[in-house]
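Numbering (the numbering used here), first residue to last: 34 to 236. Take a look at the structure set out below.
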Amino acid sequence: MKIAVAGASGRAGSEITKELARRGHTVTAIARNPEKIAALPNVTPTKGDVLDQAGLSNLWGGHDAAVSSVHFLASDPLRLIGAAKESKVGRYLVVGGAGSLEVAPGVKLVTTPGFPAEYKAEAEKGGAFLDLLRQEKDLNWTFISPSALFIEGERTGKFRLGTDQLLADASGKSWISFADYAIALADEIERPAHARQRFTVGY
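Encoded structure:
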């Protein structure tokens, strides 16, 4: 498939780009500084600005899927959603956050006392992005939340999927590596199972 990845030089975006290339997809890897994107087969580093709705729409046009892997505070969800709609891209996938996941019925992770203050604004904006997507009637979107800790780590291929509840392992740790998250996202592109839904991935 032809897949565009915005934020392809970031930690999650670079792993997603690598995973898609590994599977033989043709990737348009978009970043403000495309020289930071690793040279990979089937990957075209491309300069783009996620705040430029028209420019992003042009870059995403003609692709089977577009992926947003950008910080919520450094982007505008209305412009991203607008670009996805204008581009008529087949699917729009968003690298989400864990803050909007529930730790108990009706209780979001971002509202719990132990949630790090320095991540709160980013998490709240991610939750607002998800709310906007849920109002979309025409866009074929999927919002993929990582677990609480989204970190460098091995590509194991062994993880669980959930819906709106935070996943944790037997010890209570909630985490996922960028590499394994990338597998889950690539799987979703190849075998759609969560159209117009949020899902989460963790160990």
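For glycine and all other residues, C-beta sits at the position ideal for the given N, C-alpha and C. Predicted model, so just to flag it, every value in this text is computed and none were measured.
Let me make sure I understand the geometry here. Which of the options has the alpha-carbon closest to that of residue i?
i: Y236; options: A98, S207, T175; result: S207
i: D197; options: G46, R112, L142; result: L142
i: P149; options: K191, A181, S120; result: A181
i: T61; options: L73, G46, V38, D164; result: V38
i: K80; options: L92, G195, G205; result: L92
Please return the same chain residues whose Cβ sits closer than 8 Å to the Cβ of residue i, not counting the five positions on each side in sequence.
i: S193; result: Reading off the sequence, residue 193 comes out as Arg, not Ser. Contacts found: L200, V234, G235, Y236.
Which residues share a DSSP beta bridge with residue i?
i: Y125; result: A99, W174
i: V83; result: Answer by DSSP bridge pairing: none, since V83 is not bridged.
i: P78; result: A62
Could you pull the start and end residues of the beta strand (DSSP E) that residue i belongs to?
i: S210; result: 208–210
i: I36; result: 35–39
i: F192; result: Where F192 is concerned, there is no enclosing beta strand (DSSP E), given that its DSSP letter is neither H nor E.
i: T59; result: 59–64
i: A137; result: 135–137
i: F239; result: In the structure as shown, the chain starts at 34 and stops at 236, and residue 239 therefore has no counterpart that could be examined.
i: L182; result: 182–184
Going by beta carbon distance, what residues of the same chain come within less than 6 Å of residue i, once the five residues before and after it are set aside?
i: A215; result: E48, I49, E52
i: E155; result: F105, L106
i: S42; result: A64, K69, I70
i: P110; result: F162, L165
i: I222; result: A98
i: F211; result: R44, A45, E48
i: G115; result: Q86
In the DSSP assignment, the alpha helix (DSSP H) including residue i goes from what residue to what residue?
i: Q230; result: Counting along the chain, Q230 falls outside any alpha helix (DSSP H), though it belongs to the beta strand (DSSP E) covering 230–235.
i: R112; result: 110–120
i: T50; result: 44–55
i: G159; result: 153–167
Give every residue of the same chain whose Cβ lies closer than 7 Å to the Cβ of residue i, excluding the five residues on either side of it in the sequence, and list them in chain order.
i: R56; result: A219
Distance check for residue j and residue i, CA to CA, integer angstroms please.
i: G159; j: R224; result: 25 Å
i: I177; j: V127; result: 6 Å
i: V136; j: H227; result: 21 Å
i: R44; j: V76; result: 16 Å
i: N66; j: D82; result: 9 Å
i: P138; j: A72; result: 45 Å
Tell me whether residue i, by its Cβ, gets closer than 8 Å to a heavy atom of the ligand FMN.
i: L166; result: The ligand content of the structure shown is nil, which means the ligand FMN is not present either.
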